[in-house]
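Asker: The following block contains the structure, expressed as structure tokens.
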Amino acid sequence: MRKLNVVALLPTLLLAAVVGAAVPRPLDPLRVAPHIYSLDFENEKVRVLRQTVRNDETQPLHAHPDRVMVYLQSCAWLEDDGEGGQRMQLFKLGEAVWAPAETHGGSTIEVAQDCQILEIEIL
1 MRKLNVVALL
11 PTLLLAAVVG
21 AAVPRPLDPL
31 RVAPHIYSLD
41 FENEKVRVLR
51 QTVRNDETQP
61 LHAHPDRVMV
71 YLQSCAWLED
81 DGEGGQRMQL
91 FKLGEAVWAP
101 AETHGGSTIE
111 VAQDCQILEI
121 EIL
């Protein structure tokens, strides 16, 4: 994931957030994980989801298009590194991160505290 300057992105994201309604998709996080995701805003260009990451919670399999993730508080969790180990992911309050389209889930999250993230999906 590449870190971005959230202040520089805001005008672009706000401009993109001014147009119509998105079409639901299979493995939509709002459908398969309503206890984790809620809808903050939606149009034909972007969809803004609020994700609450909780300790020892397993996210069901779900999919995202390309998106920008903005951390609403400092967040830290352990993540599998793909080689049998784990790595710590650390994000600061207000940090914005680009995340490419992916299907993921099925792993249990270990966080130090509940974490709130805005996910701005590019439709």
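Each residue of the sequence shown is one higher than the one before, counting from 1 in my numbering. Where is the CB? At the ideal position from N, CA and C, for every residue including glycine. Note that the structure is a prediction, hence the values are computed from the model and not measured.
1. Enumerate in chain order the residues of its own chain whose CB-to-CB distance from R67 is below 7 Å, with the five nearest sequence positions on each side excluded.
2. Where does V23 fall in DSSP's three states?
3. Is DSSP giving R54 helix, strand or coil here?
4. Between which two residues does the beta strand (DSSP E) harbouring L124 extend?
5. Please list, in chain order, all residues of the same chain as S74 whose beta carbon is under 6 Å from its beta carbon, the five residues on each side excluded.
Answerer: In short, the structure shows the following:
1. Correct list, in chain order: A99, E119, I120, E121, I122.
2. In this prediction, V23 scores a pLDDT of 43, lower than 50, which makes its location untrustworthy; no coordinate-derived value is stated.
3. In this structure, R54 counts as coil in the three-state DSSP scheme.
4. Absent from the model: residue 124. The displayed extent of the chain is 1 to 123, so no value can be given.
5. Non-local beta-carbon contacts of S74 in its own chain, meaning distances under 6 Å to residues more than five positions away in sequence, involve K92, L93 in chain order.
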